[in-house]
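Per the working numbering, the very first residue in the sequence shown carries number 70; after that it's consecutive. Every residue, glycine too, gets a C-beta built ideally from N, C-alpha and C. Report on one structure; see the data block that follows.
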Amino acid sequence: MKEVKKPTSRRNLDIAIDRLCADLDEEPGRVKRLIAAVVVGQMLPDGAAKGGNALKIRFGKDATRFSRDLDTARASSLNDYMTKLEDSLTIGWNGFSGAIVPREPMI
């Protein structure tokens with residue numbers, strides 16, 4: 070079996086995912102959202118993922134519903150959690166990093 074090389078950029082990662090999805094007849098957007106949920110889940114501080122994406126990671130796509138968001142539960146105050154999450158996203162995980170982007174609540 071050919072050794073898979075680690076993508077060196079976001080563009081290369083997107084291309085690799087698109088190719089894999091074409092081979093497996095999967096929708097790339099859904100696969101990319103699931104990968105993003107797994108990556109962010111690795112960086113969660115004192116909490117856990119829950120909801121649709123957490124179930125999808127555990128039980129697979131055929132046994133769960135589709136979800137666009139990542140729901141989390143926390144074991145600390147909101148301020149402490151946000152500070153720890155921001156630190157964790159800045160440090161990153163396996164070449165991925167992130168930032169908290171404040172948004173207005175939907176009404």
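Helix, strand or coil at residue i [DSSP, three-state]
{"i": "Ala168", "result": "coil"}
{"i": "Lys130", "result": "helix"}
{"i": "Arg79", "result": "helix"}
{"i": "Gly116", "result": "strand"}
{"i": "Asp140", "result": "strand"}
Whether residue i touches residue j by CB criterion (8 Å)
{"i": "Ala168", "j": "Thr141", "result": "no"}
{"i": "Arg134", "j": "Gly121", "result": "yes"}
{"i": "Met112", "j": "Ser78", "result": "no"}
Whole-Å CB distance - residue i paired with residue j, under 8 Å assumed
{"i": "Pro114", "j": "Lys74", "result": "Actually they are not in contact, since the Cβ atoms of Pro114 and Lys74 sit about 31 Å apart, beyond 8 Å."}
Residue i to residue j span [Cα, whole Å]
{"i": "Leu124", "j": "Leu89", "result": "22 Å"}
{"i": "Ile84", "j": "Lys130", "result": "22 Å"}
{"i": "Asp87", "j": "Ile126", "result": "20 Å"}
{"i": "Gly161", "j": "Val170", "result": "16 Å"}
{"i": "Pro76", "j": "Leu93", "result": "19 Å"}
{"i": "Ala91", "j": "Phe165", "result": "24 Å"}
{"i": "Met151", "j": "Arg99", "result": "26 Å"}
{"i": "Pro97", "j": "Thr159", "result": "26 Å"}
Does the region 96 to 109 come close enough to the region 146 to 153 to have 3 or more Cβ pairs within less than 8 Å? Result no; under three Cβ-Cβ pairs closer than 8 Å.
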